[in-house]
Structures are given as structure tokens and as C-alpha cells.
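Protein chains in written order, with the numbering used here: chain V, 1 to 322; chain F, 1001 to 1290.
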Amino acid sequence: MSKTVPNAVAPVEALPELHKQNKFMKKLIDGKYLLLLVIPTVICLALFYYLPMYGLVISFMDYKPFKGIAGSNFVGFKHFINFFEYKYFWRLIRNTTIISFYSLIFGFPLPIIFSLILNEVQGMRFKKLVQTVSYMPHFYSTVVVVGLFSMFLDPTSGLITHFFNSIGIAKTDWLLDQNCFRTIYIVSELWQQTGWGAIVYLAALTNVDPQLYEAAYVDGAGKMRCVWSITLPSIAPTMITMLLLRMGTLFSVGFERAFLFQKPTTLETSEIISTYVYKKGMMSTGGYSYGSAVGLFNSLISLAMLVVSNYVANKVSDTSLW
Amino acid sequence: MVGKKFTIGWLLRGIFLWFIVFVMIFPLFHMVAVSISETTAVMSGKISFIPKGVNFDVYAKILADPSIYNAYFNTIVYTVVGVAIALFVLTTGAYALSKKRCPFGKQLNILVLITMFFSGGMIPGFLAINWLGMYNTIWAIVLPTAFTAYNMIIMRSFFAAYPAEIEESGRLDGLTDIGVLWYLVLPTSTAVLATIGLFVAVSQWNSFQAPLLYLQDSSKYPLQIILRQIVMQSITESQGTMGESAKGTQFAEDAIKYGTILVSIVPIIAVYPFLQKYFVKGVMIGSVKG
């Protein structure tokens, strides 16, 4: 391009700018059909992701639906302060963190252990059977899973209640007991997701070079030693990625399961941030701004956790989500 | 591995895995057994996983309940419409964003990525649906979930692997990008379309939170909402002080609940072989960074 302007009549500095503009127009014209194709995506992003993010401004307002955002008053951090001063604030934080912590310390290693055991199975048909059966609950809805657990724990007709009765534990109020909520929550989650969670590890395990095991065996290594020194290091990158993904969701306990298992008598352990947001924002009038503020607080902590865990993983092992 | 067959480890492993199989499959068998057994056997509460007699009264009752079949119909509509819209939005978007030539592609990809890590949350999401006038309509159920970053990234990495030479020759023959996508790329992408279609279908079928928040008329409720009403809201809260006859009634009610749950998961079980095949594939593509 610059060759076509032998004499510097026009200011030289303007040329790269012009060049850039031309290139942009060219890209726009060349990609006009791609631009057309991307429109539905842009609409969806704008309406269902970025409009709600914009809606977060109501966290700093006293939002009145009939006045709209433009007509509502700014109140600064009032709702956040109210939330921090809420008498059960620490109960909410505690319940949310404890459930996600349990969910992590059981839900993370269990699929790994399960896949290690399953990987040892020689018979392909048995392996297939175990996989088929253990993936299945992943496809049931939360309502179905919670419904099943509720029925099995029913005081009069529940099978699990009967089983415990028959071995001498005469407890019947499992669902109404605040001390059982976390256990039931975690067990139902493990029942539903462990088999499915093992998939990625099973795939990673098939990539381990069998020669490594033979060499180790010749050197006199036992089975446990092989698992420790060959298998686990081989699937470590997968483990770290999965751990990262879980860390990011550590503070965002799923709404549905907690909401569905929740009973008025178990609030001491079952009230978590998302169920509280639902109650305050949706079930009581005029709670939009407050509920939105509490939700924003929750999302920001989740985001911070994800960034931190990603940073740590990056330092420790060069693995990163982005 | 170099193991011998009948060792202690082999035995323990076998016991453990058979136990897992039992725990996973038992509820299903139990539900089938209770829901199709003779009423008298059901009322004695002694059925584990072998049905006693055969009796489809429970299913006759379920199918005669207008709220159930109405909800069933709604769920089918939401699922079919939801899948169609999602596939349209995702294929067009993912194809365009898989191309470096796409104007604003870089910026849009970043905007997509952000949605994986941050969202407006429940209340602003609900208000957005209101502002758009979608509250209490089918659109509140099928549109917000049409585009998800995860599904888009899976599709995008699939399209990115499509041979550039073929597309280029298509373009030289005078096809536009839309023509290339329609005539060349899509016919060879049935696997990824099936995968994503099933992803969306299952999540739409099982969706509970969206209808809970966005629907008001019970005539529009999908199956999951009705299922919760039937199964959960009458769980006995008394402390087991019932007489035998009341117990019997409850077992009979249980049969209906189990039947309803089964009816709601039959489609899932019916397509389960495909689900397994394609979902495993999808998880694999998804775990490779997009």
C-alpha cells in the first residue's frame, strides 16, 4: 500500500490509520454473512445474560416495578448493609460453605476412586453394566431424585426407614431433622453424580501407557505402588481441571436440591443463600432489590474463588481454565 | 495388567461394584414393582423389587388425571420447541464464531466466556423476563436456556475442526457462508447436532427452576412442577403413629407416586442408550478446552 504513495504529500502518520480502517471494512464486507449468522447469538446474549447483569443495578436502588429502573431511587449499599446485619447472616454463610465443602470433599475424590476401581475390571461386559447403571441417575431430574429420597425416608412407608428400624435404629423423622439435612443432601448428590463424574477419569485412564505398568512390575512394584506412581500422576491434569471447575462453584450451591429438600424444621442447616434469595426476592413483596443484592454478593464471592483457585492452579501446575 | 484372577482384591472389587449396581438400579426396580403390583400386596407394604401380581390401575389413574397429562403435553411442547430454537441459535452462532474471519468474533467470544463465570442471578433474571414481557409464557421457558456457553463451545470446537479447504472450495463455487454451513457443514455434523440436541432436551425435560420462577398459570406447568406437587407435598409429617388401615392407604398412595415418577422418566430411559453414547462423547469434547 505504502508503495502507491511515493511522494509524501499526505501526512505520513495518517496512512497506517487509513490502512487499518480499510482492513476493518474489508473484514466486515468479507464476513457479512458470518455477521448475519451470529445475530441470534448476540440477541440471546444481550437479552438473557447481559440484560440481567444490567439489572443488577437494582441492588443499589429501591426498585419499584411500576416505576422502573429510571424512576427508582439510588440507595447505595443499604441492602448489602442490611444483609450483613441480618441476624441469620452467619447461618446462611455457614450453611452454604459447609454444604459446598462437604460436596467437594466427597464429590471430588469419589469419582476418582470409583474410576480407579472400575478400571481394574477385566470383563468388558461387567464394566459396561456398571457404567450404564451408574450413569443413569445423572439424567433424572432433581425433582425425581429428591422425590425418591423423600419417599424412601418416609416415616411410615419409607424403605430406608424400615431398614434402619430393622437394625435397631428407630428413627423416623429423617427429613424433618435439621441434623440430617446435610447428610441427605450430600448422599443424594453423590448417588446422582458419582458415576457420571467418573467418565472423564476413565477416559484419562485409557491413555496411560500399559508398558509403564509392565516396567514397574518387572522392577517389583506392587499394585498400590503402581496406582500411586503411575496412574495418579497420569490423570493429575484431569484431576486439577475438575478440581478447578468445582472450586469455582464452591460458593454457588444449587438452588433446586436444597429448595426441594428444605422443610420448615430444618432451616437451621438447610437455609442457604440461594433459597434465601428466592424467599426474599420472589416470595415477599418489594424484595427485588434486597434479593438482587444478596445474589450479587454470592456471585462475587464465587467469582473471586474461581479466580483465586485458577491462579493457584496456574502457579502450581500450569493448568488453567482460560 | 499383570494380575492373577481370583485374589482378595478381585473379590472385594466384585462385591463393591455389585453393591454399586444394586444401589443404582434398585429404586427403579422397586418403583416398577410397587406400581404394577396387586393393590392388596401393595397395601401390605411388602414389595421389594419383584412385583406381586399384575395390575395397571395405578397407570389408569395417572393417565386419567388431567393435570398430569396436561403437564406432560406442556413438557413435550417446551422440549421440542426448546431444542429447535437452541439448535438454531447454537449452530449459527458457533459456526460464525469458529471462523477467524467473523467480524467482532474475538469480542463476542469473550462475551460468551464471561457468561460462564458470572451471571445476573435469580432476581435480575426474573426481572429481565418481566421487562421483555415473557413472564408466564412459553418463551420464558424455551428462550433463556437456548444459548449456553458450554454447548456453544462444544459446537464451536467441532466446527473449528471442519476442513478449511472444503469450505474454501465451496466459497469459490459461489456459496455464501450461510450456504457453506447449510449445504456442506451441517450434513456432516449430525453427531454433534444429536449430542447438543439431547443435552438441551434432557435439561429442558428436567427443568424445574425456570417454570417455578417464570410461570404462573397451572395450565402451563410442565411435568416437573406437577411431579413435585404429587410426590413431595404430601409426604407424611406425622411421626408414624398411624393405624394399619391408614398405613395401607399410604402404601397405595406411594404406588401412585412411584407410577408418576416412572411416567416422567420413561422418555429418558427410552432414549438412554443414545444419551449414554452421545453424552459421553459430548463430555469428552467439552473437557478439551475450547
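Each residue gets a CB set at the ideal place from its N, CA and C atoms; glycine is no exception.
Check	Outcome
Please compile the residues from chain V whose C-beta is within a distance smaller than 7 Å of the C-beta of F:F1029.	Going along chain V, no residue has its Cβ under 7 Å from F:F1029, so there is no contact; the nearest lies around 11 Å.
Under the assumption that F:A1246 contacts F:T1039 (Cβ atoms under 8 Å), give the Cβ distance between them as a whole number of angstroms.	Between F:T1039 and F:A1246 the Cβ distance is about 16 Å, and since that is not below 8 Å, they are no contact.
Can you have a look at F:E1237 and say buried or exposed, based on whether 16 or more other CB atoms are within 10 angstroms of its CB?	Bear in mind that the predicted position of F:E1237 carries a pLDDT of just 47, short of 50, making it unreliable; the figure below should be weighed with that in mind. Exposed: under 16 other Cβ atoms inside 10 Å.
When the distance is taken between beta carbons, is F:F1147 closer than 8 Å to V:L45?	yes
Name the chain V residues whose beta carbon is nearer than 9 Å to that of F:I1265?	F139, Y140, S141 and V144
Cβ atoms of V:I58 and V:S289: under 8 Å apart, would you say?	yes
Can you say whether V:Q178 is buried or exposed, counting buried as having 16 or more other CB atoms within 10 angstroms of its CB?	exposed
Which chain V residues sit within Cβ distance under 8 Å of F:I1268?	F139 and Y140
Could you confirm whether any beta carbon from chain V is found closer than 8 Å to the beta carbon of F:T1236?	Because F:T1236 carries a pLDDT of 48, less than 50, the predicted location of this residue cannot be relied on, and the following value inherits that uncertainty. Yes, because at least one Cβ of chain V sits closer than 8 Å to the Cβ of F:T1236.
If you count every other CB in all the chains shown that lies within 10 Å of the CB of F:Y1278, and 16 or more means buried, which is it?	buried
Alpha carbon to alpha carbon, what distance is there between F:Y1150 and F:R1171?	29 Å
What are the start and end residues of the alpha helix (DSSP H) that includes V:P52?	L51 to G55
Output needed in chain order: residues of the stretch 1185-1210 of chain F with a Cβ under 9 Å from some Cβ in chain A.	Of the protein chains in the structure, V and F, none is chain A.
Name the DSSP beta bridge partners of V:D62, please?	V:N73
Using the rule of at least 16 other Cβ atoms within 10 Å of the residue's Cβ for burial, across every protein chain shown, is V:R182 buried or exposed?	buried
Ends of the alpha helix (DSSP H) at F:P1066?	P1066 to L1097
For a test of the three-state rule: what should DSSP assign to V:T285, helix, strand or coil?	coil
Where do the ends of the alpha helix (DSSP H) carrying V:M124 lie?	M124 to Y135
If we require 3 or more residues per run, which beta strand (DSSP E) segments fall completely within the stretch 188-216 of chain V?	none
Report the three-state DSSP secondary structure of V:E120 (helix, strand or coil).	coil
For F:P1124 and chain V, any beta-carbon pair shorter than 8 Å?	yes
So what's V:I323 in DSSP terms, helix, strand or just coil?	Because residue 323 of chain V is not part of the residues shown, which for chain V are 1 to 322, the question remains open.
What did DSSP end up calling V:N179 once you bin it into helix, strand or coil?	coil
Mind listing the chain F neighbours of V:C44? Cutoff is C-beta to C-beta under 7 Å, in chain order.	V1089, A1146 and F1147
What residue does the alpha helix (DSSP H) around F:S1037 start on, and which one ends it?	Counting along the chain, F:S1037 falls outside any alpha helix (DSSP H), and DSSP gives it neither H nor E.
Are F:P1222 and F:A1096 closer than 8 Å when you measure CB to CB?	no
Does the beta-carbon of F:S1048 have 16 or more other beta-carbons within 10 angstroms, so that it is buried, or is it exposed?	exposed
With 8 Å as the threshold, decide whether the Cβ of V:P237 is near any Cβ in chain F.	no
Which residue from F:S1219, F:S1189, F:N1136 and F:W1139 puts its Cα closest to that of F:Y1162?	F:S1189
Enumerate in chain order the residues of its own chain whose CB-to-CB distance from F:L1275 is below 8 Å, with the five nearest sequence positions on each side excluded.	L1198, V1202 and I1268
Measure the C-alpha to C-alpha separation of V:S302 and V:I29 and round it to an integer number of angstroms.	41 Å
Give a yes or no on whether 8 Å exceeds the smallest Cβ distance from V:I184 to chain F.	no
Select from V:N73, V:N119 and V:G291 the residue whose C-alpha is nearest the C-alpha of V:V208.	V:N119
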